[in-house]
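Asks: Below is the structure I would like to discuss, written out as structure tokens.
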Amino acid sequence: IGAEHLVLLGSSWGATLAANYAARYPERVGSMIFSGPGVMYPVDWPDGYGRVEERFSDEEVAQFQAAVNTPALEAAMEALTSDPDAAVRLFPDEVAGAFFDRVTNEFYLPHLGCEGGHLGVVSNGYGFWANRMTARDLDAVEDPKPRLSRSEIPVLILRGECEYMHRAVAEQYLTVFRHSSLVEISGAGHMIYWEQPTDFLRAVFEFLQP
2 IGAEHLVLLG SSWGATLAAN YAARYPERVG SMIFSGPGVM YPVDWPDGYG
52 RVEERFSDEE VAQFQAAVNT PALEAAMEAL TSDPDAAVRL FPDEVAGAFF
102 DRVTNEFYLP HLGCEGGHLG VVSNGYGFWA NRMTARDLDA VEDPKPRLSR
152 SEIPVLILRG ECEYMHRAVA EQYLTVFRHS SLVEISGAGH MIYWEQPTDF
202 LRAVFEFLQP
């Protein structure tokens with residue numbers, strides 16, 4: 002786009018991507034905002050970092066297992082490590098995409114926010130295989146933290162009070178980036194800009210003011 006420097010704003014996986022971009026191209030980044038950030042480097046979290054599934058009721062757990070434990074999906078995931086093309090043939094994009102949208106909307110979105118809240122959004126078109134392969138690639142990237150620890154980039158970290166991921170995930174960003182601050186947003190979970198857009202924008206604009 003012809004800009005010498007970017008203000009990068011990333012939410013969830015987007016924060017992970019932005020952090021890795023800044024590690025590789027620090028000279029291109031003017032400032033950064035991480036909202037409900039995902040983990041920078043999965044290897045750091047062998048015991049997990051919080052999962053939406055932990056918020057499921059027993060009934061939802063049973064329904065979720067019934068939805069995901071299908072012969073086609075199991076066969077595709079088994080084939081994935083040795084033959085990704087065969088995996089996609091077993092679980093084609095159209096079928097996989099509809100499955101992913103259903104699972105996201107029925108099971109995950111209701112638990113991304115604060116208890117009793119309602120996000121009022123619908124997830125469509127994120128893509129099962131795009132999501133799966135992106136996660137697989139992240140497991141193979143170089144640890145960005147050593148480079149980021151030398152960064153002079155100003156950073157704002159936003160975390161919802163009802164975030165499902167452990168607080169330590171956001172605090173790692175705070176520790177790694179020397180010029181960073183962490184702001185907690187009340188009444189919001191993982192997707193802050195959906196639940197508390199006014200507070201979200203206020204925090205972002207205050208951070209960006211010269």
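Under our numbering, the first residue of the sequence shown carries the number 2, and numbering increases by one thereafter.
A virtual CB, placed ideally from N, CA and C, is assigned to each residue, including glycine.
Please read all numbers here as calculations on a predicted model, not as lab measurements.
1) For the beta strand (DSSP E) that I158 lies in, which residues bound it at each end?
2) With a CB to CB cut of under 6 Å and the five nearest residues on each side skipped, what residues in its chain are close to M166?
3) Counting only runs of 3+ residues fully inside the segment 88 to 172, write out the beta strand (DSSP E) ranges in chain order.
4) Since I believe Y194 is in contact with S36 (beta carbons under 8 Å), could you give me their beta-carbon distance rounded to a whole number of angstroms?
5) Out of A20, G15, P27 and A16, which one is the CA nearest neighbour of E5?
6) Could you say which of E153, D84, E164 and V89 lies nearest to L110 if we only look at CA atoms?
7) Out of curiosity, what's the CA-to-CA distance linking D144 and Y42?
8) At the level of alpha carbons, what is the spacing between K146 and W130?
9) Rounded to a whole number of angstroms, what is the C-alpha to C-alpha distance between E107 and G121?
10) Report the CB separation of V142 from F178 in whole angstroms; it is logged as a contact under 8 Å.
11) Take G11 and list the residues in its own chain whose beta-carbon comes closer than 8 Å to its own, dropping the five residues that flank it on each side.
Replies: Quick answer:
1) V156 to G161
2) Y50 and G51
3) 156 to 161
4) 7 Å
5) P27
6) E164
7) 6 Å
8) 28 Å
9) 12 Å
10) Actually they do not touch by this definition, with Cβ atoms about 18 Å apart.
11) T17, L18, A19, A20, M33, I34, F35, S36 and P38
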